[in-house]
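Residue numbers (the numbering used here): 1 to 425. Structure, as structure tokens:
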Ligand code: IMP
């Protein structure tokens, strides 16, 4: 099995969790390399739904170790809660199954407070963040005033770091936003206790991953969010605070680019977005509402209704370029069943083959293709798909220029059509 990076090609929520789960059957490690518990990766196994926010989606497999890499921002409480929830479902997670990088940055109470207070202060100009403290934690990382997981294991170091950082945070929280001050003693005590609980999992994630490579094993890099939420390539400033593109897999895990063999882009058969920002193919009418209802398009992390619209070819084609996609997995195709016609955005007015710097003024050019009525959740081979559906997939494939090698026709592990060799190796 090659080393594979999996990324979202739109604005997140493309169904990456399910595809990673399908692929993780064949790998030795699944690594998260960016983001934090702003993600929500939904898995359905044996009819039971589980949403993971921080742990890699391979955590339900016995064959692989899960790694939370240095590029992730970690809320220790959330990680421990997920470990506990799994235990409650009969899956005990030990250090053999989970390695947490000592270099990953920690989300602290002042990050959570500032994320929320700033969003409130922005009013109508809010980004619509998940309020999980992601942005403020990455800010501190870049400003060299972050606290890393390793600091939670060293009482005097943690206290010294907090004493250097917290007064400044309180000036902001109290002085600017009239919020509640952060108490250093409280934070120190609480986070040392959380660190002690996480300690068995904390380790040298880079050494671990290189060990797997040396033994000829394979690694799956699990991206979170999507290409157009990337802080460099997304619809800035309505983006998340990390690099979500495939290139980030290397920096966020400590594995070099020469080790990456395949990059799989996950594309939903239509488009959704949570939070503010440009969305050229958004459908504000009845059909958009239908996509939301049938697709269950409500945020896995915040429960917010997702904005819904049509497949945007220029967007996914741009994602194919930026990420160097070698394959595409097309998800939630079943949600489109029952439509008479399906609009596809094939370009933006006046843009030709170029991609605009900002999408705010992009006016989609639509082509309508015939829809299909049949329920397709039972289909396991491409040949079983309705003819119009096959044409829809072939058309997207041709327009994007990357082969579609997996098609998802329902939320369950089994409700998947595998086409290429990558998913069966
Ligand atoms: P943040 O990552 O919480 O700072 O939120 C920044 C933007 O990214 C907001 O528009 C969020 O709705 C969006 N976002 C963050 N994580 C996800 C995700 O996993 N799926 C979809 N949107 C996300």
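Ideal Cβ positions, reconstructed from N, Cα and C, are used throughout, including at glycine.
Nearest-angstrom Cα separation, counted from residue j out to residue i
| i | j | result |
| --- | --- | --- |
| residue 146 | residue 175 | 21 angstroms |
| residue 136 | residue 115 | 6 angstroms |
| residue 277 | residue 363 | 15 angstroms |
| residue 1 | residue 118 | 45 angstroms |
| residue 242 | residue 138 | 7 angstroms |
| residue 31 | residue 83 | 16 angstroms |
| residue 320 | residue 400 | 8 angstroms |
| residue 212 | residue 395 | 39 angstroms |
| residue 416 | residue 385 | 12 angstroms |
| residue 367 | residue 351 | 16 angstroms |
| residue 208 | residue 255 | 10 angstroms |
Proximity of residue i and residue j at Cβ, strictly below 8 angstroms
| i | j | result |
| --- | --- | --- |
| residue 102 | residue 149 | yes |
| residue 62 | residue 219 | no |
| residue 294 | residue 335 | yes |
| residue 227 | residue 233 | yes |
| residue 408 | residue 372 | no |
| residue 389 | residue 339 | no |
| residue 314 | residue 347 | yes |
| residue 21 | residue 43 | yes |
| residue 5 | residue 223 | yes |
| residue 245 | residue 328 | no |
| residue 33 | residue 221 | yes |
| residue 38 | residue 130 | yes |
| residue 422 | residue 405 | yes |
| residue 198 | residue 79 | yes |
| residue 267 | residue 359 | no |
| residue 77 | residue 153 | no |
Span of the beta strand (DSSP E) around residue i
| i | result |
| --- | --- |
| residue 165 | It is not in any beta strand (DSSP E) - residue 165 instead sits in the alpha helix (DSSP H) that spans 155 to 170. |
| residue 92 | Looking at the DSSP string, residue 92 is not in any beta strand (DSSP E), and its letter there is neither H nor E. |
| residue 514 | Here the chain covers residues 1 to 425 and nothing more, so residue 514 does not appear. |
| residue 267 | 262 to 268 |
| residue 407 | 404 to 408 |
| residue 343 | 341 to 348 |
| residue 222 | 219 to 222 |
Distance between beta carbons of residue j and residue i, contact taken as under 8 angstroms
| i | j | result |
| --- | --- | --- |
| residue 155 | residue 98 | Between residue 98 and residue 155 the Cβ distance is about 24 angstroms, and since that is not below 8 angstroms, they are no contact. |
| residue 419 | residue 382 | 6 angstroms |
| residue 40 | residue 74 | Actually they are not in contact, since the Cβ atoms of residue 40 and residue 74 sit about 16 angstroms apart, beyond 8 angstroms. |
| residue 179 | residue 9 | Not quite, the Cβ-Cβ distance comes to about 38 angstroms (not below 8 angstroms), so this is no contact. |
| residue 142 | residue 177 | 22 angstroms between Cβ atoms; not a contact. |
Close-in-space but distant-in-sequence residues of the same chain around residue i (CB under 6 angstroms, 5 per side omitted)
| i | result |
| --- | --- |
| residue 59 | 66 |
| residue 270 | 291, 310 and 311 |
| residue 132 | 37 and 38 |
Range covered by the alpha helix (DSSP H) that runs through residue i
| i | result |
| --- | --- |
| residue 190 | 184 to 198 |
| residue 137 | 134 to 142 |
| residue 121 | 109 to 122 |
Other residues of its chain near residue i: CB distance less than 7 angstroms, five sequence neighbours each side excluded
| i | result |
| --- | --- |
| residue 306 | 13, 272, 273, 274, 292, 297, 298 and 299 |
| residue 355 | 314 and 318 |
| residue 281 | 271, 309, 310, 312, 345 and 364 |
Residue i beta carbon near the ligand FMN (any heavy atom closer than 7 angstroms)
| i | result |
| --- | --- |
| residue 296 | Because the ligand FMN does not appear in the structure shown, any question about it cannot be addressed here, the ligands present being the ligand IMP. |
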